[in-house]
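Comments concern the structure below.
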Ligand SMILES: C[S@@+](CC[C@H](N)C(=O)[O-])C[C@H]1O[C@@H](n2cnc3c(N)ncnc32)[C@H](O)[C@@H]1O
């Protein structure tokens with residue numbers, strides 16, 4: 015094989031191998047961090063089940079997951095009987111994946127994932143908020159929750175406690191908060 019052809023093939027194969035890495039780094043890491051949230055790390059299914067159990071979802075609940083990843087919490091909340099389960103997710107690839115799962119499970123009537131920043135989320139009338147976000151985002155998220163949620167709303171955070179708030183209950187990695195009137 016002559017040298018230019020070899021170099022061309024080498025560059026082509028490097029480019030092909032680099033594509034999945036680029037998708038990973040750009041989609042799962044850089045986009046979320048630039049958007050002020052945590053990178054994509056899915057909650058373990060045990061933690062998802064614990065979050066749903068702590069939320070004690072009722073048929074009147076409207077639920078959101080702020081940074082909903084592949085939609086696993088949105089789907090679990092819909093299956094647990096929430097009237098409406100909404101995810102906000104910044105990375106379009108994950109939104110697409112969630113929407114595909116929602117439609118495969120025929121949950122379109124009660125589950126939805128928006129390709130929208132959680133910082134623009136409308137939390138009026140939301141009764142349950144799920145979170146699995148990086149600690150540096152939690153201060154800003156607390157302000158968002160305090161400014162929009164009403165008395166009795168529940169907030170369930172995976173892994174990280176919300177700074178300045180005392181959980182009503184912590185079970186393993188999962189923390190439950192209830193909004194009280196100021
Ligand atoms: C640690 S993952 C949690 C995913 C999912 N909630 C779970 O528990 O499996 C954090 C998610 O937040 C998303 N994210 C980060 N910043 C965001 C923003 N500003 N708006 C919406 N989603 C964001 C990331 O893309 C990522 O999917």
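Numbering (this note's numbering), first residue to last: 15 to 196.
Cβ atoms here follow ideal geometry from the backbone N, Cα and C, with glycine treated the same way.
{"Asked": "What did DSSP end up calling residue 146 once you bin it into helix, strand or coil?", "Found": "coil"}
{"Asked": "Rounded to a whole number of angstroms, what is the C-alpha to C-alpha distance between residue 161 and residue 124?", "Found": "26 Å"}
{"Asked": "Express the C-alpha separation of residue 29 and residue 139 in angstroms, rounding to a whole number.", "Found": "48 Å"}
{"Asked": "From what residue to what residue does the alpha helix (DSSP H) around residue 194 run?", "Found": "That residue, residue 194, is in no alpha helix (DSSP H); it is neither H nor E in DSSP."}
{"Asked": "Would you call the CB atoms of residue 127 and residue 169 closer than 8 Å?", "Found": "no"}
{"Asked": "Going by C-alpha to C-alpha distance, which of 82, 93, 64 and 57 sits closest to residue 73?", "Found": "93"}
{"Asked": "Ends of the beta strand (DSSP E) at residue 125?", "Found": "125 to 129"}
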